[in-house]
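Peer 1: Quick one: this structure, given as structure tokens, is what I'll be asking you about.
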Amino acid sequence: MSRAADTTPETCQPSPGGRTVPWTDSDARTITLRGATGEITARVIECGRGPRVVFLHGLVGLNDHWGGVIGRSLDSIHSTLFELPLLDLTGADCSIQGVTDLTIRFLDGHVGEPVVLAGNSFGGHVALRVALRRPDLVRGLVLTGSSGLFERTLVRGAPIRPPRAWVEEKIGELFYDRSAMIESDIDRAHKVLNTRQGARAMVRLSRTARRNHLGDRLGEIDTPTLLIWGREDVVTPPSAAQGFYDLLPDARLVWVEKCGHTPMLEAPGVFTESLLAFIRELDENHGKE
2 MSRAADTTPE TCQPSPGGRT VPWTDSDART ITLRGATGEI TARVIECGRG
52 PRVVFLHGLV GLNDHWGGVI GRSLDSIHST LFELPLLDLT GADCSIQGVT
102 DLTIRFLDGH VGEPVVLAGN SFGGHVALRV ALRRPDLVRG LVLTGSSGLF
152 ERTLVRGAPI RPPRAWVEEK IGELFYDRSA MIESDIDRAH KVLNTRQGAR
202 AMVRLSRTAR RNHLGDRLGE IDTPTLLIWG REDVVTPPSA AQGFYDLLPD
252 ARLVWVEKCG HTPMLEAPGV FTESLLAFIR ELDENHGKE
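Set out below in structure tokens:
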């Protein structure tokens, strides 16, 4: 599938993360969730109109990373972006199980309706776990570069206090087209991996995700699922996408050519087109019930 033309809505503005995003400060709010270790603050953005889609980011991800998709779909979907401070989490909250608990609390307490749950990498893994535990909260899944079957961790063999060049190389491995990578992403990852808390959280979250292999349970998920996968993904390779496709009962798979681990950044046009087609399918099938 070829990449769609890159267009930027007139309403876009620079975000604190350094990317141009189609929302303003008035679209963002901060919420507090009760975690196992105490209160945890999350950042939530709401924009657009239409069927509701909740977006979950990866381990080194931000709400900003969905900006290219959101900007192309403002008139088609109601987007809710949920950003947890993953690398600040501690104790039982700092695990795939803990993040799943927090996400369910958010959906229960702040959304209150079945949604399409879209997740990249670690966020996709969380989305799958939510669908397993609380299928009543999820009307559809969109997974891109999701862990849960196989993933190659970026922190294995990481030096203590890794230099910026090492971090840049590792972040670069997420992309086929490294021009989609920006300096602020590298700076942020370098900063957090050079703190004891950030490094420990990254290792712990990665480890708990790897140990939570979902292969034996995917057959239990009858939620309609869309897989959007970069053909050149080296973190969760094409074999992982094929595994999800084979094991999930109601899956469809879209390959994105010349694309790595983050299709929403490298090919937002293709991603959005596939997402909207999937939502139309869900709505049509619901109308037939």
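Per our numbering, numbering of the sequence shown is gapless, rising by one per residue and ending at 290.
Backbone N, C-alpha and C fix where the C-beta goes; we use that ideal spot for every residue, glycine too.
Here the structure is a predicted model, which means the values were calculated and not measured.
1) From the DSSP output, in three-state form, read off Thr33 for me.
2) Determine whether the beta carbon atoms of Gly110 and Leu129 lie at a separation below 8 Å.
3) What residues in its chain sit with their C-beta under 7 Å from that of Cys95, if we drop five residues either side in the sequence?
4) Quick check on DSSP: helix, strand or coil for Gly146?
5) Which residue wins for smallest C-alpha separation from Val139, given the options Thr154, Glu114, His214 and Ser275?
6) For the ligand PLP, I want to know if Leu60 counts as a neighbour, meaning its beta carbon is within less than 7 Å of at least one of the ligand's heavy atoms.
7) With contact counted as at least three CB pairs below 8 Å, one residue from each stretch, are the region 67-79 and the region 264-271 in contact?
8) Just mark His126 as buried or exposed, buried being the case when its beta carbon has 16 or more other beta carbons within 10 Å.
9) To the nearest angstrom, how far is the alpha carbon of Ala210 from that of Trp256?
10) Taking Cβ positions, are Ile172 and Ala190 nearer each other than 8 Å?
11) Just to confirm before moving on: does the CB-CB distance between Ser80 and Phe107 stay below 8 Å?
12) Starting from Gly49, trace the beta strand (DSSP E) in both directions and tell me its first and last residue.
13) Contact check, Leu144 vs Gly120 under 8 Å by CB: the rounded distance?
14) Pick out whichever of Leu215, Asp284, Ala241 and Gly72 has its Cα sitting closest to the Cα of Val131.
15) If you drop the 5 nearest sequence neighbours on each side, which residues of the same chain put their C-beta closer than 7 Å to that of Pro269?
16) May I ask you to report which of helix, strand or coil DSSP gives Ala190?
17) Return helix, strand or coil for Leu228, following the three-state DSSP convention.
18) Along the chain, where does the alpha helix (DSSP H) containing Thr263 start, and where does it finish?
19) Which same chain residues, not among the five before or five after Val116, have their C-beta less than 6 Å away from its C-beta?
Peer 2: Let me spell this out:
1) strand
2) no
3) Ala202, Arg205 and Leu206
4) coil
5) Glu114
6) With respect to small molecules bound, the structure shown includes none, and the ligand PLP cannot be examined in it.
7) yes
8) buried
9) 24 Å
10) yes
11) no
12) Gly39 to Gly49
13) 6 Å
14) Leu215
15) Gly69, Val70 and Arg73
16) helix
17) strand
18) Element bounds for Thr263: n/a, residue is neither H nor E.
19) Arg53 and Val55
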